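Data first, discussion second: the structure below is written as structure tokens.
There are 2 protein chains.
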Amino acid sequence: MEQITSLQNKRVKEWCSLHQKKYRDQTGRFLVEGEHLIKEALTAGLLEELITDTETPFDFRKVTLVTPQIMAKISKNVSAVHLIGVCRKMEETAERRNRFILLDGIQDPGNLGTLIRTAVSFGFDAVYCSEDTCDLFNEKAVRSTQGALFHIPVMRRNLKDLIPLLQKEGFAVISTSLEESHTPSQIAVTDQMAFVFGNEGQGVRKEIQAMSDDRLRIEITGFESLNVAVAGGIVMYLYRGRETE
Amino acid sequence: MEQITSLQNKRVKEWCSLHQKKYRDQTGRFLVEGEHLIKEALTAGLLEELITDTETPFDFRKVTLVTPQIMAKISKNVSAVHLIGVCRKMEETAERRNRFILLDGIQDPGNLGTLIRTAVSFGFDAVYCSEDTCDLFNEKAVRSTQGALFHIPVMRRNLKDLIPLLQKEGFAVISTSLEESHTPSQIAVTDQMAFVFGNEGQGVRKEIQAMSDDRLRIEITGFESLNVAVAGGIVMYLYRGRETE
């Protein structure tokens, strides 16, 4: 097992740089903390390296032992973390192409992570994020996915370019919207569907709504709007995908 | 308009003490930050006092002008806040008694706030929190409600005492659970229903499940579990209450 004791070590600096989106994008790598997420990465074959200051419960080929000081430097957590994984991003291809979600400018990492977790729960095949959606590999977003990001491809695309391609392929693209929209009972379940969820404050952009095949609204009883992750959960439940083989 | 310039002023200390649950419980008062929440409190008649270091867009009888230093001391926000409201908790009575949610040990303030916001959206009449559910008047929980806490009574109760009372009143008490449970299509919508949502890690306590009239499970397609606020959203949508008059 390799050991590193110096805070100035080049590899420590490399790990720390993964807190910045720029370096995550360059390297295709990101960090996860804690046993649950690491186990998910390992199972999905996306774990590259384990860093610990004690010992690891996982039998893994590449483990580096570091000091608690180095651990504290790499970790984003306020309390002590004893296990950090360097992970590879999942490949950007969806094997099944029946159910997609498209995220148009989601800003809160917690909402993004929860939407991805829910997409996996309801058998969706891929998540497409607009260029201005917040970064998935941010520590809070990763945590909110509860490991689901190792089970579904999440891709960044210009949605205005993507939507016509999906429609050509046979997808019904449905934007969630409060205006001139239909309720779930008015929009039939079909084989290929893509649902667009919008920014927390602004909703789905007008241009994206206009490009969509239909607009869907969740009927609310009170005056209050729904959190986007809750609205997304209801839509994904109602239009859930088939069981994974 | 009253003015306070000293950080040592007794009232500044009183306001700061409202960051602690103990004093919120003692006084029945809590703080909210930002225009949206204050507007909601004002509309609901639950605003007691406004504190600002600039001016207020609201025409309100009791405004205190303070220095930016005092504002920074009272605020929980990292960026500058110019408007803080001292609010009164809503009265602990539900006028309509058709749809309740019961929260058994919810730990995350964001989840708690989102569940309350969703309850208002779907016409629920009250929220009951177990004694070990996190505090609603915590800043993050308040923010996550988006003001909904001024529109629905939220009460703290021993759920084991409460459930038999609700059942006697005619309520069907339904616990969410993965084990020995029914799907939504198997549980009929009735006039009086109370749904129990459980702790993020442990779910609804076994004793509470055993006291319930039925157990409800949201069918998932993947292996992944749902975030409790998302599961709650789906259940409250499917069993939503009537329009408020």
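Residue numbers (the working numbering), protein chains in the order written: chain A, 1 to 245; chain B, 1 to 245. Glycine included, every Cβ here is placed at the ideal spot set by N, Cα and C. Predicted, not measured: the structure shown is a model, and the values here were computed from it.
On a CA-only basis, which of the options is nearest residue i? Give me that one, please.
{"i": "Glu179 of chain A", "options": "A:Phe195, A:Lys206, A:Val228, A:Gln146", "result": "A:Lys206"}
{"i": "Gly105 of chain B", "options": "B:Arg99, B:Val81, B:Leu136, B:Glu95", "result": "B:Leu136"}
{"i": "Asp125 of chain A", "options": "A:Lys22, A:Ile116, A:Asp132", "result": "A:Ile116"}
{"i": "Leu103 of chain B", "options": "B:Lys21, B:Gly232, B:Lys10", "result": "B:Gly232"}
{"i": "Cys129 of chain B", "options": "B:Ala148, B:Lys160, B:Phe122", "result": "B:Lys160"}
{"i": "Gly28 of chain B", "options": "B:Lys89, B:His19, B:Gly198", "result": "B:Lys89"}
{"i": "Ile218 of chain A", "options": "B:Leu238, B:Ile220, B:Asn199", "result": "B:Leu238"}
{"i": "Leu7 of chain A", "options": "A:Val66, A:Val204, A:Gln192", "result": "A:Val66"}
{"i": "Gly45 of chain A", "options": "A:Leu165, A:Val196, A:Leu149, A:Gln202", "result": "A:Leu149"}
{"i": "Ser144 of chain B", "options": "B:Thr5, B:His36, B:Gln20", "result": "B:His36"}
{"i": "Lys39 of chain A", "options": "A:His182, A:Thr190, A:Ala188, A:Gly147", "result": "A:Gly147"}
{"i": "Gln107 of chain B", "options": "B:Glu131, B:Met193, B:Ala194", "result": "B:Glu131"}
{"i": "Ser212 of chain B", "options": "B:Gly201, B:Glu224, B:Gly203, B:Val196", "result": "B:Val196"}
{"i": "Gln78 of chain B", "options": "B:Gly198, B:Gly34, B:Arg97", "result": "According to the sequence provided, residue 78 of chain B is Val. The question's Gln does not apply to it. Residue B:Gly34 is the option with its Cα nearest to Val78 of chain B."}
{"i": "Arg97 of chain A", "options": "A:Asn158, A:Phe171, A:Ala41", "result": "A:Phe171"}
{"i": "Val189 of chain A", "options": "A:Thr5, A:Gly241, A:Ile220", "result": "A:Gly241"}
{"i": "Val235 of chain B", "options": "B:Ile187, B:Gln202, B:Glu200", "result": "B:Ile187"}
{"i": "Gln3 of chain A", "options": "A:Cys87, A:Val63, A:Leu216, A:Lys168", "result": "A:Val63"}
{"i": "Ile74 of chain B", "options": "B:Ala119, B:Asp59, B:Gln26, B:Asn9", "result": "B:Asn9"}
Terminal residues of the continuous alpha helix (DSSP H) containing residue i?
{"i": "Ala229 of chain A", "result": "228 to 238"}
{"i": "Glu169 of chain B", "result": "159 to 169"}
{"i": "Glu49 of chain B", "result": "Here Glu49 of chain B belongs to no alpha helix (DSSP H); instead the beta strand (DSSP E) covers 47 to 52."}
{"i": "Arg11 of chain B", "result": "10 to 17"}
Would you mind reading off the limits of the beta strand (DSSP E) that contains residue i?
{"i": "Ile187 of chain B", "result": "Where Ile187 of chain B is concerned, there is no enclosing beta strand (DSSP E), given that its DSSP letter is neither H nor E."}
{"i": "Arg205 of chain A", "result": "Premise fails: Arg205 of chain A is in no beta strand (DSSP E) and is neither H nor E."}
{"i": "Val142 of chain B", "result": "Taken as a continuous stretch (DSSP letters only), Val142 of chain B belongs to no beta strand (DSSP E), being part of the alpha helix (DSSP H) at 139 to 145."}
{"i": "Val32 of chain A", "result": "29 to 33"}
{"i": "Val248 of chain A", "result": "Residue 248 of chain A is absent from the structure shown; chain A starts at 1 and stops at 245."}
{"i": "Arg156 of chain B", "result": "154 to 156"}
Among all the DSSP beta bridges, which residues are the ones paired with residue i?
{"i": "Ser175 of chain A", "result": "A:Val196, A:Arg215"}
{"i": "His182 of chain B", "result": "B:Leu216"}
{"i": "Cys134 of chain B", "result": "Cys134 of chain B is not bridged to any residue."}
{"i": "Asp125 of chain B", "result": "Asp125 of chain B pairs with nothing; no bridge assigned."}
{"i": "Arg97 of chain B", "result": "None; Arg97 of chain B has no bridge partner."}
{"i": "Thr64 of chain A", "result": "A:Glu2, A:Ile51"}
{"i": "Asp104 of chain A", "result": "A:Gly198"}
{"i": "Ile84 of chain B", "result": "B:Glu33, B:Ile51"}
**Prompt:** Are the stretch 136 to 153 of chain A and the stretch 99 to 113 of chain A touching, with three or more C-beta to C-beta distances below 8 angstroms?
**Reply:** yes
**Request:** Inspect the CB distances between the stretch 50 to 64 of chain B and the stretch 75 to 83 of chain B and report whether three or more fall short of 8 angstroms.
**Result:** yes
**Request:** Would you be able to state if there are at least three C-beta pairs under 8 angstroms between the stretch 173 to 190 of chain B and the stretch 227 to 241 of chain B?
**Result:** yes
**Item:** the stretch 69 to 81 of chain B / the stretch 6 to 17 of chain B touching (three or more Cβ pairs under 8 angstroms)
**Value:** Using a Cβ-Cβ distance cut-off of 8 angstroms, the stretch 69 to 81 of chain B and the stretch 6 to 17 of chain B are in contact, since at least three pairs of beta carbons, one from each stretch, lie closer than that value.
**Prompt:** Should the stretch 86 to 103 of chain B be regarded as contacting the stretch 152 to 168 of chain B, the criterion being three or more beta carbon pairs within less than 8 angstroms?
**Reply:** Yes: the two stretches touch, three or more of their Cβ pairs being nearer than 8 angstroms.
**Message:** Using a Cβ-Cβ cutoff of 9 angstroms, what residues of the stretch 213 to 234 of chain A are near chain B? List them in chain order.
**Reply:** The stretch 213 to 234 of chain A vs chain B, Cβ under 9 angstroms: Ile218, Glu219, Ile220, Thr221, Gly222, Phe223, Glu224, Ser225, Leu226, Asn227, Ala229, Val230, Ala231, Gly232, Gly233, Ile234.
**Message:** Beta carbons nearer than 8 angstroms to chain B: which residues of the stretch 114 to 128 of chain A have them?
**Reply:** Thr114, Arg117, Thr118, Val120, Ser121, Phe122, Gly123
**Request:** Please list the residues of the stretch 146 to 179 of chain B that have a C-beta atom closer than 9 angstroms to any C-beta atom in chain A, keeping them in chain order.
**Result:** Gln146, Gly147, Ala148, His151, Ile152
**Contact list for the stretch 87 to 98 of chain A against chain B, Cβ threshold 8 angstroms** = none
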